[in-house]
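All remarks here apply to the structure that follows.
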Amino acid sequence: MKQRGVIATDNERLLMALANQMKLPLMQIARLAELANLQSSATAELATITFTADTALRLIDSYLLGAQLMREQQTLDLEPVSLSAVMYEAVQQLQPVANQYQCELELSLGGKYGPVMAHRAGLTAALTSLGQVFIEAQSQSETSGKHVLTLAAHRSQKGIVAGVFANVDGLGATMYRRAGALYGRARQPLTGLSANSGAGVFVADSLFSAMASQLKLSHHHKLVGLAATFIPSNQMSLV
Amino acid sequence: MSTILYIEPDAILAKTYIAALERAGYTVKHYKHAAAAMLAADAHKPDLVIMELQLAGHNGVDFLYEFRSYSEWQRVPIIIVSVVPPYEAGFSPDVWQQLGVTRYFYKQHTSLAALVDGSRKAMAATIPA
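Residue numbers (numbering that gives the first Met the number 0), protein chains in the order written: chain A, 0 to 238; chain B, 0 to 128.
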């Protein structure tokens with residue numbers, strides 16, 4: 000048995016966050032199934048069960064992809080990837096989650112970008128994982144207005160910034176710094192943003208790290224969010 | 000008809016609990032945030048509070064202390080349904096009793112039927128003055 004006080008490795012911390020996060024969709028499925036049994040018609044519950052299971056499976060896939068990319072990092076070759084195509088794909092994957100939590104999705108690609116050096120599947124998974132956390136977080140916020148999640152890209156001095164942005168309470172530099180410190184120790188490291196473990200943020204961080212980038216707090220116009228910077232590629236996009 | 004003030008951050012889980020409680024004949028007023036629930040308590044005059052401890056922003060334990068600080072809410076039973084296991088919540092049974100927490104359900108292991116049954120029993124029991 001592990002001694003108390005021993006610092007967890009990155010993978011252990013990620014697994015803990017994932018395990019905590021996975022409780023939510025499994026509880027949702029269990030309770031929806033129980034409710035379906037009580038009712039004569041269970042069409043709505045069955046549809047939600049399907050969506051919930053899909054969302055949970057996608058998060059597990061993203062975690063596994065991150066773990067695989069980290070393992071192969073020595074030989075991982077980044078390829079030219081079209082950001083707009085990846086972001087469009089992420090929006091499509093997030094649409095069922097957004098519908099369930101009554102959130103609108105927007106794509107904001109201010110300007111024309113060539114391909115960036117990334118891993119296509121990894122980038123899609125990272126943006127989807129981040130998006131799931133933000134959609135859930137917005138649904139838990141006190142603000143009663145329309146919830147909108149924006150997947151956006153913009154230029155910076157260091158490259159092309161891509162990430163998810165929203166008008167959310169509680170997301171700021173202090174909270175994000177504190178989340179890094181609480182990650183692996185607390186069951187709710189993104190205090191103020193999400194009532195859950197926010198595993199999607201840490202899964203996305205591991206995916207971006209495997210692509211030699213880093214997840215950071217970022218702003219897009221008046222929105223705040225989490226994003227990573229990618230180096231533009233001079234080669235032709237594979238997409 | 001008894002009114003339940005229900006604090007749960009997740010919209011999907013909340014729908015299932017609300018449906019089960021309403022089927023059992025209760026009126027359920029749902030809030031995602033403790034602060035909003037506190038403001039609404041006056042208007043709804045709840046007969047029972049069901050709440051999650053792990054909330055975004057406002058801590059559920061802070062809500063408990065604040066709720067109990069008002070004289071009119073000192074005898075309203077409270078049920079906790081939380082993803083935090085009771086042994087990790089950091090309080091002894093004595094403290095829960097002082098706060099008027101009638102039952103502590105570990106959410107992962109709590110069926111809708113168990114919560115409905117627990118709610119009925121909590122409202123039937125009297126909290127000592």
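We put the beta carbon where it would ideally sit given N, CA and C, even for glycine.
Source: prediction; values computed, not measured.
In the structure shown, what three-state DSSP assignment does residue i receive?
i        : result
GLY117/B : helix
GLU105/A : strand
LYS1/A   : Bear in mind that the predicted position of LYS1/A carries a pLDDT of just 42, short of 50, making it too unreliable to give a figure here.
SER212/A : coil
ARG102/B : strand
ALA117/A : strand
PHE90/B  : coil
MET37/B  : helix
VAL200/A : helix
ILE11/B  : helix
SER110/B : coil
Here's a check: name, in chain order, each residue in its chain whose Cβ is nearer than 8 Å to the Cβ of residue i, leaving out the five neighbours to either side.
i       : result
LEU77/A : MET116, ALA117, HIS118, MET210, ALA211
Just confirm the distance between the C-beta atoms of residue i and residue j, as a whole number of angstroms; I'd bet it's less than 8 Å.
i        : j        : result
ILE6/B   : LEU20/B  : About 13 Å separates the two Cβ atoms, so there is no contact after all.
THR49/A  : SER155/A : THR49/A to SER155/A, Cβ: 39 Å. No contact.
ALA18/B  : HIS29/B  : Not really, about 11 Å apart at Cβ, beyond 8 Å.
LYS106/B : SER68/B  : With 8 Å as the limit, LYS106/B and SER68/B do not qualify as a contact, their Cβ atoms being about 26 Å apart.
Do residue j and residue i count as a contact pair if the criterion is CB distance below 7 Å?
i        : j        : result
ALA198/A : LEU25/A  : no
LEU54/B  : PRO8/B   : yes
TYR175/A : LEU206/A : no
ALA136/A : VAL167/A : yes
ALA120/A : ALA226/A : no
LEU108/A : ALA165/A : no
ALA10/B  : TYR100/A : yes
VAL200/A : VAL132/A : yes
HIS43/B  : GLU141/A : no
Who does residue i pair with in a DSSP beta bridge?
i        : result
LEU4/B   : LYS28/B, VAL48/B
PHE164/A : THR149/A, GLY224/A
ALA217/A : According to the sequence provided, residue 217/A is Ser. The question's Ala does not apply to it. Answer by DSSP bridge pairing, in chain order: GLY224/A.
GLY158/A : SER155/A
Can you list, in chain order, the residues of its chain with a C-beta nearer than 7 Å to that of residue i? Leave out the 5 residues immediately preceding and following it.
i        : result
MET21/A  : ALA55
LYS120/B : none
LEU14/A  : none
GLY224/A : GLY162, VAL163, PHE164, ALA165, SER217
GLU88/A  : THR123
Might you give, ordered along the chain, the residues of its own chain that have their beta carbon closer than 6 Å to the beta carbon of residue i, omitting 5 neighbours on each side?
i       : result
MET69/A : ALA209
ALA34/B : HIS57
MET0/A  : Annotation note: pLDDT 39 at MET0/A (below 50); position unreliable, no value reported.
TYR16/B : none
GLN27/A : THR51
Please tell me whether residue i has its Cβ less than 7 Å away from any Cβ of chain C.
i        : result
ALA124/A : Of the chains in the structure shown, none is chain C; the protein chains are A and B.
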